[in-house]
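The structure appears below as structure tokens.
In this note's numbering, the protein residues as written are 71 to 200.
Set out below in structure tokens:
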């Protein structure tokens, strides 16, 4: 059995790139991914929101691949952005990495990150039955 996305007709349809819930079958391996930033492997920060978002998703993918999983195994994603005006850019980049079925998700506009140059942070939970 694979992860099952739940969007019941008794709840308003998702108004964005997410599922209302994802059911993970018993026995699935779980990977909890810390918040990923728009920083490359050498520690270089991308200069703008699109670049940071793209690198954060590349990092998410790399971490999941190290666990033998992929982005399609994500069951929960939390995205934190410092400027809600960047929402359209964040969604456009996310669509490139998650074009199909969507995980359960939360997006939050925050006042600031720990470092002022960080514009976005993306964390996730992935599940897979081997």
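Just so it is clear, CB atoms sit at the ideal spot from N, CA and C, and this is done for glycine as well.
* Which value, in whole angstroms, describes the spacing of the CA atoms of residue 80 and residue 115? -> Residue 80 and residue 115 have their C-alpha atoms some 43 Å from each other.
* To do: Output the distance between the C-alpha atoms of residue 169 and residue 110, rounded to the nearest integer angstrom.
  => C-alpha separation (whole angstroms): 23 Å.
* Asked: Is it buried or exposed for residue 85, if we count other Cβ within 10 angstroms and need 16 for buried?
  -> Answer is exposed; the Cβ neighbour count stays below 16.
* Asked: Given a threshold of 16 other Cβ atoms within 10 Å of its Cβ, counted over all protein chains shown, does residue 77 qualify as buried or as exposed?
  -> It counts as exposed.
* According to DSSP, is residue 32 helix, strand or coil? -> Nothing in the structure corresponds to residue 32, since the chain is present only between 71 and 200.
* Please determine if the stretch 172 to 179 and the stretch 98 to 105 are in contact, where contact requires at least 3 C-beta pairs separated by less than 8 Å. => Contact fails: fewer than three Cβ-Cβ distances are below 8 Å.
* Residues near residue 153 in its chain [Cβ-Cβ closer than 8 Å; skip 5 each side] -> Within the same chain, residue 153 has close Cβ partners 119, 179, 189.
* Among 164, 96, 159, the one whose alpha carbon lies nearest that of residue 147 -> Scanning 164, 96, 159 for the CA closest to the CA of residue 147 turns up 164.
* Asked: Which residue or residues does DSSP assign as beta-bridge partners of residue 194?
  -> Paired residue(s): 103, 147.
* Asked: Taking the alpha carbon of residue 129 as the point to measure from, which residue in 192, 200, 151, 75 has its own alpha carbon closest?
  -> Cα-wise, what sits closest to residue 129 is 192.
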